[in-house]
């Protein structure tokens, strides 16, 4: 990403050094915390630091990316009823419902296992039913990335005891990474998933009275989708300018998310275009210097196309 920032700065500097006066306004945003949720870009948007279009210089290997899906982080909490594991037979086997019978435990982790299987089927149904032409089939996945199971729901939303298998657990917490398509919206996506969870709960006598809860924007994270037309002037300029000095680019979608989402959520047309590199999030992360120079040239030319010259 530093390579992308360098290309943007170099493009702006080249325009200025060439004595070109732009008709439109050009601003560079170098913001923090994209990996944690994009809170720097969110703050810039809230402060009204907007434009008619935004270019985010994530690495794209010279391709032009006008779309990316949305992303939700959600937490699903399943409640059970704790009991001593020695009395597990009271939960599993047929028992007489007499006055001396202890209330049976309800193992929240076992319910969570059934829920995970149901989410997998829900994911399959969604990915088969809808797709976007610029993105790989099936990219709108649901990843259950973190699971906590135990007893005693604490103030931070997690079980307080997670190391004692002699307790029938009364809480299971699942954290989900949920991607949706560029032409979908967050409100409809959330509503559909909430309906799925409701119907899942109707299949179980305990859950009908004790339904799972859903916490959206876990950790404050929420990325709106971006769905810029391939015919947008900034997109067509980038395609033309890149083809003029190198390999003709491909217009495709971004399979991850980036700060472009937060500008798109504020109504700004966005596109992602940046240099080449590899080793993302690793010790040997790098950018190819020649691609930074080429990217800077393309960005400079497209800025002139988009802003116009006095």
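In the working numbering, the protein residues as written are 5 to 314.
All C-beta atoms in this analysis are idealised placements derived from N, C-alpha and C, irrespective of residue type, glycine included.
Just tell me which of 67, 307, 107 and 79 has its CA closest to the CA of residue 218. 79
Which word fits residue 136, buried or exposed, when buried means at least 16 other C-beta atoms lie within 10 angstroms of its C-beta? buried
Could you tell me the alpha carbon to alpha carbon distance between residue 20 and residue 277, rounded to whole angstroms? 21 Å
Taking contact to mean at least 3 C-beta pairs separated by less than 8 Å, is the segment 191–205 in contact with the segment 54–63? no
Check residue 124 in the structure and name its three-state DSSP category. helix
Output the distance between the C-alpha atoms of residue 121 and residue 75, rounded to the nearest integer angstrom. 21 Å
What does DSSP give as the partner residue(s) for residue 59 in the beta ladder? 275
What is the C-beta distance between residue 119 and residue 96, in whole angstroms, given that I count them as a contact (C-beta under 8 Å)? Contact doesn't hold; Cβ gap of about 19 Å is too wide.
Can you tell which of 225, 165, 162 and 242 has its C-alpha closest to the C-alpha of residue 252? 242
May I have the straight-line CA-CA distance separating residue 84 from residue 129, to the nearest angstrom? 28 Å
Compare the C-alpha of residue 254 against each of 191, 286, 281 and 68 and name the closest. 68
With distances taken from CA atoms, which of 62, 50, 214 and 47 is nearest residue 358? Missing from the structure shown is residue 358; the chain here goes from 5 to 314 and no further.
For residue 71 and residue 231, believed in contact at Cβ under 8 Å, the rounded distance: 5 Å
Starting from the N-terminal side, write out each stretch of the alpha helix (DSSP H) that is 4 residues or longer and does not extend beyond the segment 59–143. 93–96 and 112–133
Please tell me whether residue 151 and residue 178 are closer than 8 Å, where the distance is taken between their beta carbons. yes
Helix, strand or coil: which one does DSSP assign to residue 24? coil
Three-state secondary structure (DSSP) of residue 182: strand
Grouping DSSP H, G and I as helix and E and B as strand, with all else coil, what is residue 30? coil
In terms of alpha-carbon separation, which member of 238, 305, 248 and 296 lies closest to residue 273? 238
In the structure shown, what three-state DSSP assignment does residue 226 receive? strand
Three-state class that DSSP yields for residue 314 in the structure shown: coil
Are the beta-carbon atoms belonging to residue 281 and residue 292 less than 8 Å from one another? yes
Write down the C-beta distance between residue 170 and residue 233 rounded to the nearest angstrom, noting that I regard them as a contact closer than 8 Å. In fact, because the Cβ distance is near 60 Å, the residues do not count as touching under 8 Å.
Residues that residue 155 bridges to, as DSSP identifies them: 165
Under the three-state DSSP convention, the category residue 35 falls into: coil
What is the C-beta distance between residue 15 and residue 307, in whole angstroms, given that I count them as a contact (C-beta under 8 Å)? 6 Å
Could you check if residue 267 is buried or exposed, using at least 16 other CB atoms within 10 Å of its CB as the buried criterion? buried
To the nearest angstrom, how far is the alpha carbon of residue 221 from that of residue 181? 10 Å
Can you give me the start and stop residues for the beta strand (DSSP E) that residue 240 sits inside? Note, residue 240: premise wrong, no beta strand (DSSP E); alpha helix (DSSP H) at 237–249.
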